[in-house]
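Numbering of the sequence shown is given in the UniProt record's numbering, commencing with residue 25 and proceeding in unit increments. Idealized CB from N, CA, C, for every residue including glycine. Computed from a predicted model, the values in this text were never measured in an experiment.
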Amino acid sequence: AARPRVFSGIQPTAGSFHLGNYLGALRNWITMQDTHDAFYCVVDLHSITVAMDPEELRNNTRYAAAQLLAMGIDPERSTLFVQSHVAEHAQLSWVLECMTGFGEAGRMTQFKDKSSRQEEEHVSVGLFTYPALMAADILLYRTDAVPVGEDQRQHLELSRTLAQRFNSRFGSIFVVPDAHIPQDTAKIFDLQAPGSKMSKSVPSGVVEFMEDPKRSAKKIRSAVTDNEREIRYDPDDKPGISNLLVIYSAMTGRSIAELESDYEGHGYGDLKKNLGEVIVDFVTPFQTRVQEYLDDPVELDKILRRGAERARTTASETLRTVFDRVGF
Ligand code: ADP
Ligand code: NA
């Protein structure tokens, strides 16, 4: 029987991936290659929802692809490609935008967050319609599962709604996709503000995979904790320590209970120092592999071109059916 299909995307905007991306989503991208027919996409169309320098965008796209390969996305088994190389994404997006309610799009919390942080005249229509493009990304490949972090749950729900709406209006074409959100690491918190999610907007609270590993270790040593001394998992009363335990557990495969018992009688400093070492040991060889991919741009471009060709085969077939049903 054919394997179920997985699709997910990540923006190249910011350059370096961080620990939240990895534990919330990318780790599942890698493991699902063993069980699924995988399509993974660097979503550069999404990056121009905010003003973007062309040369920087081009570099970030390569940089993102190199990091995905270095992390373990295998281009022989999985289809790794760049969104703008497959025109069908934008074409299907238009159809889905026309089936999305204005109020429905306005209820997306990520739009409300992002738009409230900008001057109104700088908020693009593209930022508003972003979730319809994301739905197009997913639905083009008749995707069964979408590995993402908790913050994408609402967008995924809209993708499901749009798939069902299209199917009931025009006849069944789309697979209704399921979000694949990890249980323990769905939301990794900021090291300095353990009430908010880890993101690149707070440089001191995020572990970036391409920064100097010593800097990452230092950020972990300075993570905000509490005034007690007990290393115990309690996300309500001890969010800082709990976040470190979640990260430690996910990065080593040791259970939280095991870590609690190993660290009994130890101070927060010991836990932070050891977790820092775990991170350094992870990112150091990773950075070497990224550099190897970046040093061979011809090979990198070849991988992405091949990925786009494979993606287009499926995407164009879906789009042809959609256009036919719509009346084009
Ligand atoms: P995008 O705008 O492409 O979603 P992000 O870098 O915000 O870019 O997220 C990429 C992936 O990483 C998404 O699946 C998102 O849910 C996940 N993610 C981002 N931040 C976190 C976090 N702090 N904890 C868990 N998952 C996260
Ligand atoms: Na996001």
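Discussion item. Quick check on this structure: which residue in Leu116, Arg27, Tyr154 has the alpha carbon closest to the alpha carbon of Gln176?
Written reply: Tyr154
Item to complete: Give a single yes or no on whether Asn45 has its beta carbon closer than 7 Å to a heavy atom of ligand 1.
Response: yes
Discussion item. Let me check you understand the geometry: is the CB of Gly300 closer than 7 Å to at least one non-hydrogen atom of ligand 1?
Written reply: Gly300: no, Cβ never under 7 Å from ligand 1.
Fill in: Rounded straight-line distance, which links the Cα of Arg193 to that of Phe233
Roughly 45 Å between the two C-alpha positions.
Worksheet item: Does the pairing of the segment 97–117 with the segment 125–136 give three or more beta-carbon distances under 8 Å?
Response: no
Worksheet item: Between which two residues does the alpha helix (DSSP H) carrying Phe306 extend?
Response: 292–318
Worksheet entry | Selection from Leu182, Glu144, Lys326 that minimises the alpha carbon distance to Met158 | Ranked by Cα distance from Met158, the first of Leu182, Glu144, Lys326 is Leu182.
Fill in: Chain-order list of residues whose beta-carbon lies under 7 Å from that of Pro263 (same chain, five-residue window excluded)
So the qualifying residues of the chain are Phe213, Pro218, Gly219.
Practice prompt. Kindly confirm or deny that the segment 28–39 and the segment 53–69 touch, where touching means at least three C-beta pairs closer than 8 Å.
Written response: yes
Worksheet item: Would you say the beta carbon of Glu210 comes nearer than 7 Å to a heavy atom of ligand 1?
Response: One detail in the question is off: residue 210 reads as Ala in this sequence, not Glu. Yes, since a heavy atom of ligand 1 falls inside the 7 Å radius drawn around the Cβ of Ala210.
Worksheet item: What do you reckon, are the CB atoms on residue 380 and Ile255 nearer than 8 Å?
Response: The structure shown has nothing for residue 380, since the chain only spans 25 to 352.
Worksheet entry | Length at least 3, wholly inside the segment 117–203: the beta strand (DSSP E) runs in chain order | 169–171
Worksheet item: Between which two residues does the alpha helix (DSSP H) harbouring Val346 extend?
Response: Segment 321–350, the alpha helix (DSSP H) holding Val346.
Worksheet entry | Proximity of Gly44 and Lys221 at Cβ, strictly below 8 Å | For the 8 Å CB-CB criterion, Gly44 and Lys221 form a contact.
Item to complete: Taking 8 Å as the cut-off, decide whether the C-beta atoms of Leu328 and Phe41 are in contact.
Response: no
Worksheet item: Does the segment 69–81 come close enough to the segment 296–310 that 3 or more CB-CB pairs lie under 8 Å?
Response: Segments in contact, no.
Worksheet entry | Selection from Glu144, Tyr87, Phe198, Arg336 that minimises the alpha carbon distance to residue 3 | Residue 3 lies beyond the residue range present for the chain, which begins at 25 and ends at 352; the question has no answer from this structure.
Worksheet item: At which residues does the alpha helix (DSSP H) containing Val106 begin and terminate?
Response: That residue, Val106, is in no alpha helix (DSSP H); its beta strand (DSSP E) goes 103–106.
Practice prompt. Within its chain, find whatever has a CB closer than 6 Å to the CB of Asn267; leave out the 5 residues flanking it on each side and keep chain order.
Written response: Phe213, Pro218
Worksheet entry | Of the listed residues Asp68, Ile97, Thr37, Leu295, nearest to Val314 (C-alpha basis) | Ile97
Worksheet item: In whole angstroms, what is the alpha-carbon distance linking Pro36 and Gly277?
Response: 29 Å
Fill in: Where the alpha helix (DSSP H) containing Asp258 begins and where it ends
Taken as a continuous stretch (DSSP letters only), Asp258 belongs to no alpha helix (DSSP H), as it is neither H nor E.
Discussion item. With a threshold of 7 Å (Cβ to nearest heavy atom), would Ala94 be considered close to ligand 1?
Written reply: For Ala94, the shortest separation between its Cβ and any heavy atom of ligand 1 does not lie below 7 Å.
Worksheet item: In whole angstroms, what separates the C-alpha of Asp208 from that of Gln178?
Response: 19 Å
Worksheet entry | Ala26 versus Arg344, Gln91, Glu143, Thr167, residue with shortest Cα-Cα distance | Per the Cα distances, Thr167.
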